[in-house]
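Enquirer: This note's numbering puts the first residue of the sequence shown at 46, with every later residue one more than the last. From the three backbone atoms N, C-alpha and C, an ideal C-beta is built for every residue, glycine too. None of the values given here were measured: they were computed from a predicted structure. I'd like to ask you about the structure that follows.
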Amino acid sequence: MSENRQSILFVDDEENVLNSLRRLLYDEPWNLFFADSGSKGLELLKQENIDLVVSDVRMPHMDGIAFLKQVKTLYPHIVRVFLSGYADRSAIVTALSEGCAQQLLPKPWNVDELKAVIRNALLQAGELKKKNIGLQKIINSIDFLTAAPQTYLEIRKCFLHIDTVSIESLAEIIEPDPSISAELLRWANSALFGQMQKVDTVERALMILGIDIIEGLVISHSVFTSVTSVSRPETGFSLKDFQAHSLACGILAKLLISRVAHEEPKNIDRAFTAGLLHDVGKLVEEGCLTDNFRKVVDTARQKKSLLLEAENEILETTHEEIGRCLAEWWSMPSFFVNAIRWHHNPHLCKMNRDIVQAVHVANVLVQRFGLGASGNFCIPEACQDSLEFFELTEDELPSIKESVIYYLS
Ligand SMILES: [Fe+2]
Ligand SMILES: [Fe+2]
Numbered sequence: 046m047s048e049n050r051q052s053i054l055f056v057d058d059e060e061n062v063l064n065s066l067r068r069l070l071y072d073e074p075w076n077l078f079f080a081d082s083g084s085k086g087l088e089l090l091k092q093e094n095i096d097l098v099v100s101d102v103r104m105p106h107m108d109g110i111a112f113l114k115q116v117k118t119l120y121p122h123i124v125r126v127f128l129s130g131y132a133d134r135s136a137i138v139t140a141l142s143e144g145c146a147q148q149l150l151p152k153p154w155n156v157d158e159l160k161a162v163i164r165n166a167l168l169q170a171g172e173l174k175k176k177n178i179g180l181q182k183i184i185n186s187i188d189f190l191t192a193a194p195q196t197y198l199e200i201r202k203c204f205l206h207i208d209t210v211s212i213e214s215l216a217e218i219i220e221p222d223p224s225i226s227a228e229l230l231r232w233a234n235s236a237l238f239g240q241m242q243k244v245d246t247v248e249r250a251l252m253i254l255g256i257d258i259i260e261g262l263v264i265s266h267s268v269f270t271s272v273t274s275v276s277r278p279e280t281g282f283s284l285k286d287f288q289a290h291s292l293a294c295g296i297l298a299k300l301l302i303s304r305v306a307h308e309e310p311k312n313i314d315r316a317f318t319a320g321l322l323h324d325v326g327k328l329v330e331e332g333c334l335t336d337n338f339r340k341v342v343d344t345a346r347q348k349k350s351l352l353l354e355a356e357n358e359i360l361e362t363t364h365e366e367i368g369r370c371l372a373e374w375w376s377m378p379s380f381f382v383n384a385i386r387w388h389h390n391p392h393l394c395k396m397n398r399d400i401v402q403a404v405h406v407a408n409v410l411v412q413r414f415g416l417g418a419s420g421n422f423c424i425p426e427a428c429q430d431s432l433e434f435f436e437l438t439e440d441e442l443p444s445i446k447e448s449v450i451y452y453l454s
């Protein structure tokens, strides 16, 4: 048993499942622990320093949901994964949405997928360990956002097999969700995507928008809906203005990156969705940390400061960090992760620099233009390098503002 290795606890009442996991993973660089019931799992957790728990759902006495709920309460720093068969699906979706576990491993499993999910979860556990306790507690206490929205999970699965995925199969996933379908149709018909003819089917909308836009719209719509559907006490943060800020930022990021002659077309789409989602960490704060977030907003108001500064003071972390954890946890593509993490400091970002800079400048300019609001009580400054990268001059700002307003309407 190595002290330096990360430790995983597997809990399943079927001995053959535990044995096959033991066989599959014996040569991986992890300490493995096995328990055939939830109560034995809890005993092991008292004795060992576990980083990741993988639990079956259907077990006698204490089922996997009850077990992982206890793990979450007693050891919030431990990452939790469900191991489940197809028959458990509806219970699992509910349990995931309640934050009992952060991820799902199908049973029977594909060996590569199993190892990939475990590696990813251990990476997250390692990152969480390195972070300050404040952030760790915040991330683990998030109940209704830790599980990625179901439609998003399903389209991600489709995108993993991009060579074989068809528009029809994507439409089949999306069509049962009327609000996401309506959102995709709205954008497919918007002037931003230059359609002359009316788009009235989801399939056609999917063809027009393309994968990156679909992914971004599904995730941003799902997150926004999940936060706004729960009524909470007032925090002084307007979700309506925030949504307008995010939309304007997405549109402007797309317009800005289109100015760079060498830019890849797919980065133009990506800048749009990264702009839509850049402040997702604020939604987490508003939705999950209501009392503390009210203090953040009050502090920013009193000091006439950026929300970011007040977050550092009250939460000891920022919406960039919280948003990044969520984006990584949901296995979002790296351009999202980087835009969410570095949109206030693009010079520190090593990857996806063009997209991150577009979001950075767009974020500053839409605040100068007064389009929406994102909780700041002063207007942030844009990095000079980023302004120069897009060859922006003061003279053209009024016409840029007009373009954003046009595409917003
Ligand atoms: Fe921000
Ligand atoms: Fe922003």
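Nearest-angstrom Cα distance between Ile218 and Lys349?
Expert: Using only the alpha carbons, I get a separation of about 45 Å.
Enquirer: Could you confirm whether any beta carbon from chain C is found closer than 8 Å to the beta carbon of Ser84?
Expert: You won't find chain C in this structure, because it holds only one protein chain.
Enquirer: Could you spell out the range, first to last residue, of the beta strand (DSSP E) harbouring Gln51?
Expert: Per DSSP, Gln51 belongs to the beta strand (DSSP E) from Gln51 to Val56.
Enquirer: Specify whether the stretch 117 to 126 and the stretch 93 to 105 touch according to this definition: at least 3 beta carbon pairs, one from each stretch, less than 8 Å apart.
Expert: Yes, the stretch 117 to 126 touches the stretch 93 to 105.
Enquirer: Mapping the DSSP letters down to three states, classify Trp375 as helix, strand or coil.
Expert: Here Trp375 sits in coil by DSSP.
Enquirer: Since Leu237 and Ile296 are thought to touch, with beta carbons under 8 Å apart, how far apart are those beta carbons, to the nearest angstrom?
Expert: So it is a contact: roughly 6 Å between Cβ atoms.
Enquirer: For ligand 2, I want to know if His290 counts as a neighbour, meaning its beta carbon is within less than 7 Å of at least one of the ligand's heavy atoms.
Expert: Correct: His290 has its Cβ closer than 7 Å to ligand 2.
Enquirer: Give a single yes or no on whether Asp324 has its beta carbon closer than 7 Å to a heavy atom of ligand 1.
Expert: Checking every heavy atom of ligand 1 against the Cβ of Asp324, one is found closer than 7 Å.
Enquirer: Pick helix, strand or coil for Arg201, following the three-state DSSP scheme.
Expert: Arg201: helix per DSSP, three-state reduction.
Enquirer: Is the beta carbon of His392 within less than 7 Å of some heavy atom of ligand 1?
Expert: Result no, Cβ not under 7 Å from ligand 1.
Enquirer: From which residue to which residue does the beta strand (DSSP E) around Leu42 run?
Expert: Since the first residue of the chain shown is 46 and the last is 454, residue 42 is not available in this structure.
Enquirer: Just to confirm, are Thr270 and Phe338 a CB contact at a threshold of 8 Å?
Expert: Contact: no.
Enquirer: What does a CB cutoff of less than 8 Å around Glu330 pick up in its chain, not counting 5 residues either side in sequence?
Expert: Closer than 8 Å at the Cβ level, and outside the excluded window around Glu330, lie Asn337, Phe338, Val341, Glu356, Leu360, His364 and Ile367.
Enquirer: For Cys203, which of Arg249, Gly239 and Glu260 has the nearest alpha-carbon?
Expert: Checking every option, the nearest Cα to that of Cys203 belongs to Glu260.
Enquirer: Closer than 7 Å to a non-hydrogen atom of ligand 2 - does that hold for the CB of Asn408?
Expert: For ligand 2, at least one heavy atom lies less than 7 Å from the Cβ of Asn408.
Enquirer: Is Arg103 near Pro74, with beta carbons less than 8 Å apart?
Expert: Contact flag unset, no.
Enquirer: Can you find a heavy atom of ligand 2 that lies under 7 Å from the Cβ of Cys294?
Expert: Indeed, a heavy atom of ligand 2 lies less than 7 Å from the Cβ.
Enquirer: Taking the C-alpha atoms as reference points, what is the distance between Phe156 and Leu69?
Expert: At residue 156 the sequence reads Val, which differs from the Phe that was named. Each residue's alpha carbon lies about 8 Å from the other.
Enquirer: Tell me whether Pro443 is buried or exposed, calling it buried when 16 or more other Cβ atoms sit within 10 Å of its Cβ.
Expert: Pro443 should be labelled exposed.
Enquirer: Does the beta-carbon of Met241 have 16 or more other beta-carbons within 10 angstroms, so that it is buried, or is it exposed?
Expert: That one is exposed.
Enquirer: Going by C-alpha distance, which of Thr273, Phe381, Leu410 and Ser431 is nearest Val305?
Expert: Taking only the C-alpha atoms, the option nearest Val305 is Ser431.
Enquirer: Pull up the CB-CB distance for Ile183 and Ile53, whole angstroms please, since I reckon it's below 8 Å.
Expert: 24 Å between Cβ atoms; not a contact.
Enquirer: Below 8 Å on the Cβ atoms is my guess for Ile264 versus His323; work out the distance and round it to an integer in Å.
Expert: Wrong, their Cβ atoms sit about 12 Å apart, outside the cutoff.
Enquirer: Answer with buried or exposed for Pro223, where buried requires no fewer than 16 other C-beta atoms within 10 angstroms of its C-beta.
Expert: With fewer than 16 other Cβ atoms within 10 Å, it is exposed.
Enquirer: Cα separation between Leu393 and Ser379?
Expert: Cα to Cα, Leu393 sits roughly 15 Å from Ser379.
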